[in-house]
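Per this note's numbering, the very first residue in the sequence shown carries number 362; after that it's consecutive. Glycine residues also receive a C-beta, built at the ideal position from the N, C-alpha and C atoms. Presented below is the structure to which this report refers.
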Amino acid sequence: MRLNRTLPREVPVRVGKKAYFLETALDDDTLARVSGIMSEVADEFADGLDQEQVLLLSCLQLAWTLDKIGSRLGQAMGTAEEGRL
362 MRLNRTLPRE VPVRVGKKAY FLETALDDDT LARVSGIMSE VADEFADGLD QEQVLLLSCL
422 QLAWTLDKIG SRLGQAMGTA EEGRL
């Protein structure tokens, strides 16, 4: 069994061209996954844009992705419920 850290700790997270220091209680694996997703999205916009634009476009891209996933999940749940009727 692997113990998770429950006490917040300060960790660096790179977004675009800058590293930010955040306090988090996430375990190392979760933090790596979340940071990896953020880096992947921000890297799509990093060339030729300033940091503020990279942050804004990254947030919009992540929001769009969440909305798309939510819509697909809602459709799948509706289809599953129709199958039970």
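Compute the distance between the beta-carbons of V415 and A403, then report whether it is under 8 angstroms.
yes
Evaluate G439 with the Cβ neighbour count: other Cβ atoms within 10 Å of its Cβ, from every protein chain shown; 16 or more gives buried, anything less gives exposed.
exposed
Between the Cα of C420 and the Cα atoms of Q436, I398 and D408, which residue gives the shortest distance?
That would be I398, whose Cα lies nearest to the Cα of C420.
Residue ranges of each alpha helix (DSSP H) run of no fewer than 4 residues wholly in the region 366–437, ordered along the chain?
With a minimum length of 4 residues, the continuous alpha helix (DSSP H) runs that stay inside the region 366–437 are 389–404.
Taking 7 angstroms as the limit between beta carbons, can you name the residues of its chain near K308, skipping five residues before and five after?
What the structure shows of the chain is the stretch from 362 to 446, and residue 308 is not part of that stretch, so it cannot be assessed.
Distance check for L383 and P373, CA to CA, integer angstroms please.
6 angstroms
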